[in-house]
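Visitor: Quick one: structure below, then a few questions.
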Amino acid sequence: MFSGGGQSVGDEQTVGELTLITHDFGSTDRDIMAGWIDKQKERSDNVVAIALGEVNGKKTYMASASSKAAKEYKVHIGKLSKEILPKFGGRGGGKPTFAQGSVALGTIAVDLFESVKKILEEQGA
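Quick note, the sequence shown lines up with residues 1366 to 1490 if you use the working numbering.
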């Protein structure tokens, strides 16, 4: 579903030594988001991936960091998520390589994605 050459779903940008991939799925299924997040987490490069989608009337957030991003660049996506989600009326958290939670329904995806980018920049990614 998400295979193929290169990255076919999401916006990709460089933040220091990391690749930040973001995608707003709109109205979607939780399994679709989880499948995409898992694919990003499995990559061998320095990847942080953030996904938003509306699942059953709730704005759902999922995020991952590749093992390389977590080990070599000290990205802890669970802690980052716990910091960022309350700023958007939500809550959540997780482990170094996977996090999930929710945000307020009116959350603008680009604003959340830019906030994640800013935190990564501040952490010296």
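We put the beta carbon where it would ideally sit given N, CA and C, even for glycine.
Quantities reported herein were computed from a predicted structural model and do not represent experimental measurements.
1. Taking Cβ positions, are GLY1443 and GLY1455 nearer each other than 8 Å?
2. Going along the chain, which unbroken runs of the alpha helix (DSSP H) with 4 or more residues stay wholly within the region 1391-1417?
3. Please go through the region 1454-1485 and give each complete beta strand (DSSP E) segment of 3 or more residues, from N-terminal end onward.
4. Rounded to whole angstroms, what's the CA-CA distance from GLY1422 to ALA1469? Just pull it up for me.
5. Exposed or buried, what is VAL1440 when buried is set at 16 or more other beta-carbons lying within 10 Å of its beta-carbon?
Guide: Concretely, from the data shown:
1. At the C-beta level, GLY1443 and GLY1455 stay beyond 8 Å of one another.
2. Counting whole runs of 4 or more residues, the region 1391-1417 contains the alpha helix (DSSP H) stretches 1395-1406.
3. Inside the region 1454-1485, DSSP marks whole beta strand (DSSP E) runs of 3 or more residues at positions 1456-1459, 1463-1468, from first to last along the chain.
4. ALA1469 has its alpha-carbon roughly 11 Å from the corresponding atom of GLY1422.
5. Using a 10 angstroms sphere on the CB of VAL1440, the tally of other CB atoms reaches 16 or more, which defines it as buried.
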